[in-house]
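Here is the structure we will look at.
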Amino acid sequence: MQFCDKCGAMMAPFKDADAVKLKCRSCGYVIDAAGSLKVSQKVERTPRDKIVVIDDDTVPMPKTSASCPKCGHNEAYYWTVQTRRGDEGATEFYRCTKCKTTWRNYGG
Ligand SMILES: [Zn+2]
Ligand SMILES: [Zn+2]
Numbered sequence: 233m234q235f236c237d238k239c240g241a242m243m244a245p246f247k248d249a250d251a252v253k254l255k256c257r258s259c260g261y262v263i264d265a266a267g268s269l270k271v272s273q274k275v276e277r278t279p280r281d282k283i284v285v286i287d288d289d290t291v292p293m294p295k296t297s298a299s300c301p302k303c304g305h306n307e308a309y310y311w312t313v314q315t316r317r318g319d320e321g322a323t324e325f326y327r328c329t330k331c332k333t334t335w336r337n338y339g340g
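Structural data, given as structure tokens:
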């Protein structure tokens with residue numbers, strides 16, 4: 233509901249060409265309906281869940297002693313990935329510091 237700025241009476245919408253306007257029933261004051269009705273709409277974008285893939289040697293990762301299944305090297309980087317299922321613990325991954333072979337720790 234829009235009221236007249238001049239006299240405070242109720243205003244009625246009417247079409248003027250392509251625009252919808254409001255006209256005061258009392259004094260005839262006309263305003264542009266589109267300009268008077270400010271519709272603010274806030275669109276929030278939720279970022280999608282990202283699956284982080286660690287495939288960058290520049291990221292410093294802790295090392296641990298683990299036996300590489302490929303070359304037998306006994307030192308590997310390791311990191312953990314939390315699975316979506318709550319009843320499962322974090323999965324451990326290893327990457328051989330020598331041949332870059334990546335494997336998962338099934339031993340848990
Ligand atoms: Zn008026
Ligand atoms: Zn290796």
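Just so we're aligned, residue 233 is where the sequence shown starts under my numbering, counting upward by one. C-beta atoms are modelled at their ideal positions from N, C-alpha and C, and glycine is treated no differently.
When E324, C331 and T329 are compared against N337, the one with the closest alpha-carbon | Residue numbering aside, residue 337 sits at position 105 when the sequence shown is read from its first letter. If we check each option's Cα against that of N337, E324 comes out closest.
Where A249 sits in the DSSP three-state scheme | One-based indexing of the sequence shown puts residue 249 at position 17. A249: coil per DSSP, three-state reduction.
Does the Cβ of K341 lie closer than 8 Å to at least one heavy atom of ligand 1?
-> No answer is possible for residue 341: it lies beyond the span of the chain, which begins at 233 and ends at 340.
Residue closest to K247, alpha-carbon to alpha-carbon, out of S258, C259 and A265 | If you number the sequence shown from 1, residue 247 lands on position 15. Considering only alpha carbons, the answer is A265.
Beta-carbon proximity of Q194 to A322, cut-off 9 Å | No answer is possible for residue 194: it lies beyond the span of the chain, which begins at 233 and ends at 340.
Pick helix, strand or coil for A265, following the three-state DSSP scheme.
-> Your numbering for residue 265 matches position 33 in the sequence shown. It is helical.
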